[in-house]
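Trainee: With my numbering applied, the sequence shown corresponds to residues 14 to 111, in that order. Glycine included, each C-beta is placed from N, C-alpha and C at the ideal position. If you scroll down you'll find the structure; I have some questions about it.
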Amino acid sequence: MSELRTTVLTLVTQAASEINPTLEEPIELARGEEAPLYGKEGVLDSLDLVSLILLVEEKASDELGKPITLTSDRALSSFRSPFRTVGSLTDYVSALAA
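This is the structure we're talking about:
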């Protein structure tokens, strides 16, 4: 795993941990990168997803020193959403930051 991806995984996990207390059903962070976020198996509704996206954008921008924007037409219309799991979100943020 690259250093960038390791950093991003930490940021995504921290963001998920921070919003977990506000969720009706918490994100199963013990499942690691397979933890479902959004979609068929996900625990986030659309408002929770927006909260997570904003928090990840803020953390990633601060840590990586450049603005990161996770919402785009491509991401939102993608057949395989980058917001499905902790791992897919990590991959997406890492690709944007590279």
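Is the number of C-beta pairs between the region 98 to 110 and the region 39 to 54 that are closer than 8 Å three or more?
Mentor: The region 98 to 110 vs the region 39 to 54: in contact.
Trainee: Could you give the residue range of the alpha helix (DSSP H) that holds I66?
Mentor: By one-based count along the sequence shown, residue 66 stands at place 53. Counting along the chain, the alpha helix (DSSP H) containing I66 begins and ends at 59 to 77.
Trainee: Please go through the same chain and pick out, in chain order, the residues whose beta-carbon is closer than 8 Å to the beta-carbon of R18, but skip the five residues on each side of it.
Mentor: For this step, residue 18 is matched to residue 5 along the sequence shown. The residues are T103, D104, S107.
Trainee: Straight-line CA distance for E71 to G52?
Mentor: As a first step, residue 71 is located in the sequence shown; it is residue number 58 there, counting from the start. As a first step, residue 52 is located in the sequence shown; it is residue number 39 there, counting from the start. So the alpha carbons of these two residues sit roughly 23 Å apart.
Trainee: Per DSSP, what kind of secondary structure is P80 in: helix, strand or coil?
Mentor: Along the sequence shown, one-based indexing puts residue 80 at 67. Of the three classes helix, strand and coil, the one that applies to P80 here is coil, per DSSP.
Trainee: Since L42 and T26 are thought to touch, with beta carbons under 8 Å apart, how far apart are those beta carbons, to the nearest angstrom?
Mentor: For the purposes of this step, residue 42 is identified with residue 29 of the sequence shown, where counting begins at 1. For the purposes of this step, residue 26 is identified with residue 13 of the sequence shown, where counting begins at 1. L42 to T26, Cβ: 6 Å. Contact.
Trainee: On the CB-based measure, 16 or more other CB atoms within 10 Å of its CB, does P95 come out buried or exposed?
Mentor: Looking up residue 95 in the sequence shown gives position 82. Buried.
Trainee: How many angstroms separate the CA atom of I32 from the CA atom of E38?
Mentor: Within the sequence shown, residue 32 is the residue found at index 19, counting from 1. Within the sequence shown, residue 38 is the residue found at index 25, counting from 1. Rounded to whole angstroms, I32 to E38 spans 11 Å at the Cα level.
Trainee: Using DSSP with H/G/I as helix, E/B as strand and the rest coil, what is P49?
Mentor: For the purposes of this step, residue 49 is identified with residue 36 of the sequence shown, where counting begins at 1. Correct three-state label for P49: strand.
Trainee: From L68 to A29, what does the alpha carbon distance come to, in whole angstroms?
Mentor: Here residue 68 corresponds to residue number 55 of the sequence shown, with the count starting at 1. Here residue 29 corresponds to residue number 16 of the sequence shown, with the count starting at 1. Using only the alpha carbons, I get a separation of about 9 Å.
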